[in-house]
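Colleague: One structure is given below, represented as structure tokens, and several questions about it will come after.
Residue numbers (my numbering): 15 to 689.
Here it is in structure tokens:
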């Protein structure tokens, strides 16, 4: 967003959103609205599933050449203001409309807040950036950085637009002014008008049309004695209406303009560097005065980007100075600094010269060790190696995800080659550089052994994984059980050919340990776990059956709760998930306790929603190479999750229809979260 304006009548907030590549937008803020950046620019595409739920702009227009059929185009939206003064002097068609403009075309339009329809208001501005409505006179005041065509050394100015005519007439807002200038300089005349439709211009010199002079501004280059006394006017046409401006006279002064010159004295031998001063000195000579005193030398510096610029410093007086481009600024390499020097002689005649200072541009490469992993560059995941150009000294943002999975192998971030933090901003160096993020492979455990039981079923045994105490048992049919505090599990109905594996998540990294058959005699069968689930009014406990056992004792940290006979589920009214429940049974002389955990089983589709205290917790399966997940429900976007596969939504309910979205290339994948 570039600028905002609030309609005092209703509190409505308008946002002028300067676009990136293709579109400029005028948006109206509303609670919970998603305007689509960075997935959409301009109006959303109804055929793109990624754009579902986005809020369209009130009004949008394309950049030059994007849409040949467009009636309005430009490069940067500016302003604006609601035209609703107490004393409205403009025609009724403009009352209550939102005034906005384009910086590059200089066209101002009025937008209907109800329909988004654009109506031409006025054109001919050079570098208009903002405007406001006078609350009592109804006049519109505007700020133009190149006021009245001052393109040689733009100092800017404030203009006023007043309505004095009728709807069906052409009104001159700004008349051409007389110009007195030294020989050899360029003379500029400017006019602005208000008219009911499209306007055309034709400038005349001494009553004769000037070929090609068909814009609000007329420049007479390098004037000489023959131009002295020439009279200029402009004829304006709008449909069947025609009006001619007042006449302006060009006077050639006998005084010659001074000749300024600039010398760069430091910081730019091979291009400027952000954060490092660019030093300069200047002087000027005048045919009548000789050397122009330093008190009559003034400086300005601007940072140019593509077809627009930004002010850096002005108002410097004297023979020398410096300017520093800040490191936190435009990251494009299509930039340069322009330094202007204006010299004024004793007769008041001024002349301006300028120099262009290009940046030092280097190439940055982002890579990983081992190679081929992903990194984050300015908010987006990129494959490595990734290369981009940058201006020396400018701050750039790139980071390494804490964990990632590639080729079925889990990795954890270790360090950057420059020693800085995982997601710490970097200053672009003075030479080409490569930044390497090193990842450590999360060591696989010793493995899992599966053995057949003497009376049927199978038993899994595995080594501890990274200090984890909770493990998910899976096989070819999906989730089987969750085990907490044990390194073995018995499935009384299992068979060796079901491809069992044990899943652990040390440090948030998912590790799957395949189980292989073992011909050794089976050890005594271990017991599996118990799951606790929050339900309305209490908690529900579920556990696996144990062959030959019919009675289970429900206990928590306070002692005995109840006995469950002939069942493997029990509901505790008023119970809490964190009360430390466990299920006890006896196998011969042995007492076996199984703690009940609230980790839900991962469903086949990859996401599960579980009611927890105060909301809903979502858990989903990781996706190789994917670090960013979008949590959504039937109300739209909820949150973004980076580097994790779990999220808790406070105050939510399972019926909110949660799902998890991620991208694989150009494809959008949505995974519904089952209860």
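Virtual Cβ for every residue (Gly too), placed ideally from N, Cα, C.
Give the DSSP-derived three-state secondary structure of residue 148 in the structure shown.
Modeller: Looking up residue 148 in the chain shown gives position 134. Here residue 148 sits in coil by DSSP.
Colleague: Where do the N-terminal and C-terminal ends of the beta strand (DSSP E) with residue 280 fall, by residue?
Modeller: By one-based count along the chain shown, residue 280 stands at place 266. Here the beta strand (DSSP E) through residue 280 covers 273-280.
Colleague: Opposite residue 9 in the DSSP bridges: which residues?
Modeller: The structure shown does not extend to residue 9, since the chain is modelled only from 15 to 689, so the question has no answer here.
Colleague: Ends of the beta strand (DSSP E) at residue 269?
Modeller: Your numbering for residue 269 matches position 255 in the chain shown. From DSSP, residue 269 is part of no beta strand (DSSP E); its letter is neither H nor E.
Colleague: Rounded C-beta distance between residue 690 and residue 407? I'm assuming under 8 angstroms.
Modeller: As shown, the chain starts at 15 and ends at 689. That puts residue 690 outside it, with no answer to give.
Colleague: Here's the rule: buried if 16 or more other CB atoms are within 10 angstroms of the residue's CB, otherwise exposed. What is residue 618?
Modeller: Within the chain shown, the letter at position 604 stands for residue 618. Because residue 618 sits at a pLDDT of 36, beneath the cut-off of 50, its placement in the model cannot be relied upon, and the following sentence gives the value as read from the coordinates. Exposed.
Colleague: Shortest alpha-carbon distance to residue 204 belongs to which of 587, 231, 194?
Modeller: Here residue 204 refers to the residue found at position 190 of the chain shown. It is 231.
Colleague: Mind checking who residue 565 pairs with in its DSSP beta bridge?
Modeller: Your numbering for residue 565 matches position 551 in the chain shown. BP columns for residue 565 point to 579.
Colleague: Throw me the rounded Cβ distance for the residue 292 and residue 336 pair, which I believe falls under 8 angstroms.
Modeller: Here the question's residue 292 lines up with position 278 in the chain shown. Here the question's residue 336 lines up with position 322 in the chain shown. That belief holds up - the Cβ atoms of residue 292 and residue 336 are roughly 6 angstroms apart, short of 8 angstroms.
Colleague: Name the two residues that bound the continuous beta strand (DSSP E) containing residue 403.
Modeller: Reading the chain shown from its first residue, position 389 is the one you call residue 403. Run containing residue 403: 400-405, per the beta strand (DSSP E) assignment.
Colleague: Enumerate, from N- to C-terminal direction, the unbroken alpha helix (DSSP H) stretches of 4 or more residues contained entirely within the region 451-533.
Modeller: none
Colleague: Count the other CB atoms, across all protein chains shown, that sit within 10 Å of the CB of residue 228; report buried if there are 16 or more and exposed otherwise.
Modeller: Counting from 1 along the chain shown, the entry for residue 228 is found at position 214. Exposed is the call here.
Colleague: With a 10 Å radius around its C-beta and 16 neighbouring C-beta atoms as the bar for buried, classify residue 389 as buried or exposed.
Modeller: Working through the chain shown from its first residue, we reach residue 389 at position 375. It counts as buried.
Colleague: In angstroms with no decimal places, state the Cα-to-Cα distance between residue 482 and residue 376.
Modeller: As a position in the chain shown, residue 482 is number 468, starting the count at 1. As a position in the chain shown, residue 376 is number 362, starting the count at 1. Annotation: residue 482 to residue 376 spans about 46 angstroms, alpha carbon to alpha carbon.
Colleague: Is residue 113 buried or exposed, if buried means 16 or more other CB atoms sit within 10 Å of its CB?
Modeller: Residue mapping note: residue 113 aligns to position 99 of the chain shown, counting from 1. Result: buried.
Colleague: Does the beta-carbon of residue 371 have 16 or more other beta-carbons within 10 angstroms, so that it is buried, or is it exposed?
Modeller: Stepping through the chain shown from its first residue, residue 371 is reached at position 357. Buried: at least 16 other Cβ atoms inside 10 Å.
Colleague: Which residues in the same chain as residue 149 place their Cβ atom closer than 8 angstroms to its Cβ, once the five residues preceding and following it in sequence are excluded?
Modeller: Reading the chain shown from its first residue, position 135 is the one you call residue 149. Counting only Cβ-Cβ distances below 8 angstroms, and skipping sequence neighbours, we find 99, 100.
Colleague: Can you give me the Cβ contacts of residue 201 inside the same chain, cut-off strictly under 6 angstroms, excluding the 5 residues immediately before and after it?
Modeller: As a working mapping, residue 201 is identified with position 187 in the chain shown. If we look at residue 201 and ignore the five residues flanking it on each side, its Cβ neighbours are 193, 195, 234, 237, 264.
Colleague: Between the region 118-136 and the region 81-99, do at least 3 Cβ pairs fall closer than 8 angstroms?
Modeller: yes
Colleague: Taking Cβ to Cβ, would you say residue 5 is nearer than 9 angstroms to residue 498?
Modeller: Examination of residue 5 is not possible in this model, given that the chain is present from 15 through 689 alone.
Colleague: Specify whether the region 546-565 and the region 577-594 touch according to this definition: at least 3 beta carbon pairs, one from each stretch, less than 8 angstroms apart.
Modeller: Enough Cβ pairs lie closer than 8 angstroms, so yes.
Colleague: Any chance you could list the beta strand (DSSP E) runs of at least 3 consecutive residues sitting entirely within the region 595-664, in chain order?
Modeller: 596-601, 604-611, 621-626, 629-634, 642-647, 650-656, 660-664
Colleague: Please classify residue 20 as buried or exposed, where buried requires at least 16 neighbouring CB atoms within 10 angstroms.
Modeller: The sequence position of residue 20 within the chain shown is 6, counting from 1. The residue is exposed, with fewer than 16 neighbouring Cβ atoms inside 10 Å.
Colleague: Is the distance from the Cβ of residue 545 to the Cβ of residue 473 below 9 angstroms?
Modeller: Taking the first residue of the chain shown as position 1, residue 545 is located at position 531. Taking the first residue of the chain shown as position 1, residue 473 is located at position 459. Contact flag unset, no.
Colleague: Please identify the residue among 508, 441, 385 whose C-alpha is closest to the C-alpha of residue 452.
Modeller: Reading the chain shown from its first residue, position 438 is the one you call residue 452. When each option's Cα is compared against that of residue 452, the closest is 385.
Colleague: Please report the distance separating the alpha-carbon of residue 583 from that of residue 387.
Modeller: Residue numbering aside, residue 583 sits at position 569 when the chain shown is read from its first letter. Residue numbering aside, residue 387 sits at position 373 when the chain shown is read from its first letter. Their backbone Cα atoms lie some 45 angstroms apart in a straight line.
Colleague: Mark residue 111 as exposed unless 16 or more other C-beta atoms lie within 10 angstroms of its C-beta, in which case mark it buried.
Modeller: By 1-based counting over the chain shown, the position of residue 111 is 97. Result: buried.
Colleague: As an exercise, report each continuous beta strand (DSSP E) stretch of at least 3 residues that is fully enclosed by the region 321-354, in chain order.
Modeller: 322-331, 334-337
Colleague: Looking at the secondary structure, which residues open and close the beta strand (DSSP E) in which residue 174 lies?
Modeller: One-based indexing of the chain shown puts residue 174 at position 160. 171-175 is the extent of the beta strand (DSSP E) around residue 174.
Colleague: Could you give the uninterrupted runs of the beta strand (DSSP E) lying entirely in the region 226-264, keeping only those of 3 residues or more?
Modeller: DSSP runs (the beta strand (DSSP E)) wholly in the region 226-264: 231-234, 245-252, 255-258.
Colleague: So the beta strand (DSSP E) residue 677 belongs to, where does it begin and stop?
Modeller: Residue numbering aside, residue 677 sits at position 663 when the chain shown is read from its first letter. Segment 673-678, the beta strand (DSSP E) holding residue 677.
Colleague: Nearest CA to the CA of residue 241: which residue from 219, 57, 53?
Modeller: Numbered from 1 along the chain shown, position 227 holds the residue referred to as residue 241. Taking residue 241 as reference, the option from 219, 57, 53 with the minimal CA-CA separation is 219.
Colleague: Among residues of its own chain, excluding the 5 on either side of residue 4, which ones have a beta-carbon nearer than 7 angstroms to its beta-carbon?
Modeller: Beyond the ends of the chain as shown, which are 15 and 689, falls residue 4; an answer cannot be given.
Colleague: When you compare each of 672, 676, 678, 677 to residue 686 by their alpha carbons, which one comes out closest?
Modeller: As a position in the chain shown, residue 686 is number 672, starting the count at 1. Considering only 672, 676, 678, 677, the residue with the shortest C-alpha distance to residue 686 is 672.
Colleague: Does the region 301-321 come into contact with the region 341-361, if we say contact requires no fewer than three beta-carbon pairs (one atom in each stretch) closer than 8 angstroms?
Modeller: yes
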